[in-house]
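Have a look at the structure below before the remarks.
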Amino acid sequence: MRRITSSIRINDNLVLRPASTNYASGLIEAFEETWPEVGWAMPWIVTEKPFESQIYNFIEDTESKGRKGLLHHWIIVRPWDDTVLGLIGFDRITRSGKAIWNLGYWIRSSEQQHGIARLSTNAVLNWISEGGPICIELKVDPNNIPGHRTVLRIVKEWNGERYIEGDSAITISGIRTLHHCYLVNII
Numbered sequence: 004m005r006r007i008t009s010s011i012r013i014n015d016n017l018v019l020r021p022a023s024t025n026y027a028s029g030l031i032e033a034f035e036e037t038w039p040e041v042g043w044a045m046p047w048i049v050t051e052k053p054f055e056s057q058i059y060n061f062i063e064d065t066e067s068k069g070r071k072g073l074l075h076h077w078i079i080v081r082p083w084d085d086t087v088l089g090l091i092g093f094d095r096i097t098r099s100g101k102a103i104w105n106l107g108y109w110i111r112s113s114e115q116q117h118g119i120a121r122l123s124t125n126a127v128l129n130w131i132s133e134g135g136p137i138c139i140e141l142k143v144d145p146n147n148i149p150g151h152r153t154v155l156r157i158v159k160e161w162n163g164e165r166y167i168e169g170d171s172a173i174t175i176s177g178i179r180t181l182h183h184c185y186l187v188n189i190i
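What the sequence shown shows, in the numbering used here, is residues 4 to 190, in sequence order.
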């Protein structure tokens with residue numbers, strides 16, 4: 004079942020807004036603050052090209068596809084001042100042969116270790132589960148310690164599993180790294 008991407012209010016301090024060019028400048032600012040770590044979450048960024056236009060094009064594309072239910076990306080926002088805290092979303096780039104969606108996210112450096120990833124991933128998994136049973140893929144570079152910890156927490160809380168057959172090499176900033184695959188089956 005296709006759904007359009009809709010806002011998700013997590014609490015008074017955290018809202019997920021559908022990806023929109025309205026947040027492009029805030030997303031670029033958060034991206035600059037978090038470079039180069041953000042490359043783990045956005046391996047398609049070409050470091051030799053200006054990333055402002057790449058991010059703007061990405062947001063335009065995800066905004067359009069979100070209205071059609073083809074992708075689901077949210078800008079993580081602090082509502083009282085509209086500060087962009089990160090990005091989270093589902094896309095169709097999976098490698099396990101089992102999952103329909105791939106879940107990815109990143110949190111800006113200054114806002115990490117405050118539970119934002121935990122709250123946001125739980126919120127979008129609950130949101131996507133409203134459409135019925137589904138299999139979600141999570142990929143993580145095992146060298147990305149905070150990201151790996153978060154994925155392991157998601158797998159534990161959502162009764163997921165390690166899926167070695169879905170491991171694949173992903174190139175980030177010209178370096179190819181084997182990423183571990185995990186699956187969450189929502190029933």
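Every residue gets a Cβ at the ideal spot worked out from N, C-alpha and C, and that includes glycine. These numbers come from a predicted model, not from an experiment.
| query | result |
| --- | --- |
| DSSP state of residue 24, grouped into three classes? | helix |
| Would you call the region 70-84 and the region 10-19 in contact, with 3 or more CB pairs under 8 Å? | yes |
| What span of residues does the alpha helix (DSSP H) with residue 133 cover, start to end? | First-last for residue 133: undefined, no H or E at that position. |
| Starting from residue 89 and walking both ways along the alpha helix (DSSP H), at which residues does that stretch end? | No alpha helix (DSSP H) contains residue 89, which is instead part of the beta strand (DSSP E) from 86-94. |
| State the start and end residues of the unbroken alpha helix (DSSP H) segment that holds residue 80. | Residue 80 -> not in any alpha helix (DSSP H); beta strand (DSSP E) instead, spanning 75-81. |
| Would residue 73 and residue 93 be called neighbours here (beta carbons separated by less than 7 Å)? | no |
| When we look at the beta-carbon of residue 114 and count the other beta-carbons within 10 Å, is it buried (16 or more) or exposed? | buried |
| Under 7 Å between the Cβ atoms of residue 123 and residue 36? | no |
| State the Cα-Cα distance for the pair residue 190 and residue 127, rounded to the nearest angstrom. | 15 Å |
| Below 8 Å on the Cβ atoms is my guess for residue 24 versus residue 59; work out the distance and round it to an integer in Å. | 7 Å |
| Does the separation of the CB atoms of residue 22 and residue 66 fall below 7 Å? | yes |
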